[in-house]
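Protein chains in written order, with UniProt numbering: chain A, 1 to 414; chain B, 1 to 414. Even glycine gets a Cβ: it sits at the ideal position worked out from N, Cα and C. The structure displayed is predicted, hence computed values, not measured ones. A short worksheet on the structure shown next.
Protein chains: 2
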Amino acid sequence: MSILQIGAGGVGWVVAHKAAQNNDVLGDITLASRTIGKCEKIIESIKGKNNLKDPSKKLEARFVDADDVASLVALINEVKPDLVINAGPPWVNVTIMEACYQAKVSYLDTSVAVDLCSEGQQVPEAYDPQWAFREKFAQAGITGILGAGFDPGVVSVFAAYAVKHLFDEIDTIDVMDVNAGDHGKKFATNFDPETNMLEIQGDSFYWEEGSWKQVPCHTRMLEFDFPNCGEFKVYSMAHDEVRSMQEFIPAKRIEFWMGFGDTYLNYFNCMKDIGLLSPDPITLQDGTVVEPLKVLKALLPDPTSLAPGYTGKTCIGTWVQGIKDGKARSVFIYNNADHEVAYQDVEHQAIAYTTGVPAITAALQYFKGSWNEAGVFNMEQLDPDGFLETMPSIGLDWHVQELAPGQPKINILK
Amino acid sequence: MSILQIGAGGVGWVVAHKAAQNNDVLGDITLASRTIGKCEKIIESIKGKNNLKDPSKKLEARFVDADDVASLVALINEVKPDLVINAGPPWVNVTIMEACYQAKVSYLDTSVAVDLCSEGQQVPEAYDPQWAFREKFAQAGITGILGAGFDPGVVSVFAAYAVKHLFDEIDTIDVMDVNAGDHGKKFATNFDPETNMLEIQGDSFYWEEGSWKQVPCHTRMLEFDFPNCGEFKVYSMAHDEVRSMQEFIPAKRIEFWMGFGDTYLNYFNCMKDIGLLSPDPITLQDGTVVEPLKVLKALLPDPTSLAPGYTGKTCIGTWVQGIKDGKARSVFIYNNADHEVAYQDVEHQAIAYTTGVPAITAALQYFKGSWNEAGVFNMEQLDPDGFLETMPSIGLDWHVQELAPGQPKINILK
């Protein structure tokens, strides 16, 4: 058995560590990136932490240009993996899927291929480029598992679990995400600043009463009491799983909410007001042309650098309301991840950890034969039981909290 | 008679308009800049507003490289002006003074040559490069008038007036500056963003009980009720005239205070925290090297563009406390400038207006023979009466407000 992992950023870091800890099942591991030095640094960390479970298995770094299908196919044909995992940026999902199709190898990624904020790339069309591979993958006899992080990913498995075990009828699904950790910096992003800042300034889309609703960012807010983290303001945001849940789970309202502290939002609004969050190039007095967002990226701390000393927890979960045995029911299915525990385990912070652990949990389901049907699948479509049974042993546990039924008070801002 | 004006930015714009309105005394006007198009645009505005008092006098645009003494001397020898006015950036003061010395022509500027925040360029040493010309100017029989804007400039004339007419003994001098105008932008600077942002993040220096005190920016605050503008928070800041007043007026404390709204300070602090106010180059992912502060400059509105639609007033003045006829006395000598009135007069906003009007008022004192002694002079050293008699007719009036004697309550922050 063997896997080929593409991408050596924060998520790639955790995915590789978790793959190594499970290489008795996953086999040989090849890490590929445009920057081979980043792969080598990860391998060094894995060896330093003694995270290679079966030392007889290979762990190698390779160069790849993930924008180039031919380069990907050549590497896949040489490595001959059983599964290709894209742990790198989502904008190479499609080229990697095409390469997997051509080379007849199964595929797994952790977030959707689009930016969710540009025209034609917003929530309603988000999965179109990847769902276009459904027939090709089915014909080729290979499996594609899409969005196998935490959110998207585990939150959809939670929803599938709720449908299978906890409800007769689903009314509303709210995905809730807060990072109550403290990295000690005045302002920093937990993953690539460019991706993060684009994501959070786009319009939010939510599904309600049979149609998509579009609203400006940070204009729908509610307060939610997160287990072990406390009360946080969360804001409606565009997110991958709103689209896939809408496809596969009938509900009256489906919405994604992310917690932002007032301080974070103040920085965000200042930067937005002065134009620093724009990807559109500007010309400096000396003629230099730069994209403001790329300048911000260079100014902010590298998200990877936040991991040592990061304290506190995240809480991400799926809040489902509906009917069970004729009665209204409200449950919050969630995980708490701890930044310090994550660092102890894989020398990274909890944001990347909550994405990397589910990816390897999903890969194990594939290798065990329970998630290996031919075709392209989102996490809601797959049986949740084996996945949720496995995930705690990979590093993230989960809990079901019963809440008093009742719709949240949503505040409309501005 | 004739003048040579160097610089065609915001201050240059107003100085040229005001010179044109007084060309019956000042004579022919030559505007010189590195960008001749900026001079031509000013000339167009002067003609459009019918501001050339004596149309028989010349008004011409010329190129000059103000960093190059030889280029300056050549232009001066060709134009043969009676006075050279630097209405451009202060960092060319020294080359222009040297050129004036070589060509034996008098000189006037509106702010000090240093940045007031780098090592060796702070308040205590601020005038060293320009005071070094004292003997050369005296020997050459030419006059140098330094810092002839509003602040520095008129506020020092106010102090000299207080010494001459209102007090027997000076105790404290506080220069107070607030812009209570509204340009309608979320964030913008009233003059060059690069100069402005460097100036306001430097340590403050004030003179107290015989020595210089140095404190971080925005850590000394008081509230002051500005006539016709209202109560504002003002913060101790490094400023040119603190140095020159300390040289020429004996006082126990001399300090400069600038008003900043909470919103302005919030933007400032956000930008500072993320590193956007730094002049030190950073490297982007694609290898492009940029100075963050120059990126900010390119993002923010051009200060000149703020003028149309700018409403409200500024209030700048000198608050003097001391003894008169054996009794404690406290007076605030001030001007209110109105953004809309400034725009009506010269198609620019009040910040540039309050600098340009005093420069031409001072030039008129020189041409009338009252301020033309050989040597280099700051505004405190010159007789205030003629200047203050003239200034209202050039566009800015002034008032003396009696206050209840008593030292301000200074809040120490952070």
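Got a sec: is the Cβ-Cβ distance from V290 (chain A) to anything in chain B below 8 Å? yes
Note down, in chain order, every chain A residue with its Cβ under 7 Å from the Cβ of G275 (chain B). L299
If you reduce the DSSP assignment to three classes, tell me which class V114 (chain B) lands in. coil
Determine which residues of the segment 253-270 of chain B have a Cβ less than 8 Å from any Cβ of chain A, and write them out in chain order. N266, Y267 and C270
Interfacial residues, the segment 5-39 of chain B to chain A, with Cβ spacing under 8 Å: none
For residue 424 (chain B), report the span of its alpha helix (DSSP H) as first-last. Beyond the ends of chain B as shown, which are 1 and 414, falls residue 424 (chain B); an answer cannot be given.
What are the boundary residues of the beta strand (DSSP E) that L396 (chain A) is part of? Element bounds for L396 (chain A): n/a, residue is neither H nor E.
Following the continuous beta strand (DSSP E) through E373 (chain A), name the residue where it begins and the one where it ends. Neither: E373 (chain A) is in no beta strand (DSSP E) and is coded neither H nor E.
If we ignore side chains and look at the alpha-carbon of each, how far apart do E78 (chain A) and T30 (chain A) end up? 11 Å
So is N86 (chain A) buried or exposed if we call it buried at 16+ other beta carbons inside 10 Å? buried
With distances taken between CB atoms, is the gap from C270 (chain B) to L198 (chain B) smaller than 8 Å? no
Counting contacts by CB-CB distance shorter than 8 Å, is F187 (chain B) in contact with chain A? yes
From the DSSP output, which residues share a beta bridge with T314 (chain A)? A:N179 and A:A337
Separation of Q5 (chain A) from A20 (chain A), as counted between CA atoms: 11 Å
Quick one: which chain B residues come within Cβ less than 9 Å of T283 (chain A)? A298
Just reading off the beta strand (DSSP E) that Y107 (chain A) is part of, what are its end residues? S106 to D109
Here's the rule I'm using: 16 or more other beta-carbon atoms within 10 Å means buried, otherwise exposed. How should H399 (chain A) be labelled? exposed
Rounded distance between the beta-carbons of D273 (chain B) and F187 (chain A), thought under 8 Å: 6 Å
Please check the pair T219 (chain A) and L413 (chain A), which I expect to be a contact at CB under 8 Å, by giving their CB distance rounded to whole angstroms. 5 Å
Check each candidate in A:V11, A:V123 and A:G275 and name the one with the smallest Cα separation from L293 (chain A). A:G275
Hey, how far is the Cα of D174 (chain B) from the Cα of E125 (chain B)? 20 Å
In this structure, does DSSP put E98 (chain A) in helix, strand or coil? helix
Continuous beta strand (DSSP E) stretch holding Q214 (chain B): start and end: S211 to V215
Quick check: M245 (chain B) and S330 (chain B), are their CB atoms within less than 8 Å of each other? no
Smallest Cα separation from C315 (chain A): which of A:A362, A:D177 and A:E231? A:D177
Please compile the residues from chain A whose C-beta is within a distance smaller than 7 Å of the C-beta of K213 (chain B). Under the 7 Å cutoff, chain A gives no residues; its nearest Cβ is about 28 Å from K213 (chain B).
Rounded to the nearest angstrom, what separates D286 (chain B) and G9 (chain A) at their Cα positions? 17 Å
Does the beta carbon of V234 (chain A) sit closer than 8 Å to a beta carbon anywhere in chain B? no
For I43 (chain B) and Y343 (chain B), what's the separation of their Cα atoms in angstroms? 16 Å
List the whole-angstrom C-beta distance separating V123 (chain A) from A251 (chain A), where the pair is believed to meet the contact cut-off of C-beta under 8 Å. That pair is no contact at about 15 Å.
Mind checking who A126 (chain B) pairs with in its DSSP beta bridge? In the DSSP output, where bridge partners are listed per residue, A126 (chain B) has none listed.
Indicate the three-state DSSP secondary structure (helix, strand or coil) for Q121 (chain B) in the structure shown. coil
Tell me, which residues are paired with M221 (chain A) by DSSP? A:Y235 and A:N411
Interface flag, K294 (chain A) vs chain B, CB-CB below 8 Å: yes
Among A:E40, A:I36, A:D385 and A:L83, which residue has its Cα nearest to the Cα of D65 (chain A)? A:I36
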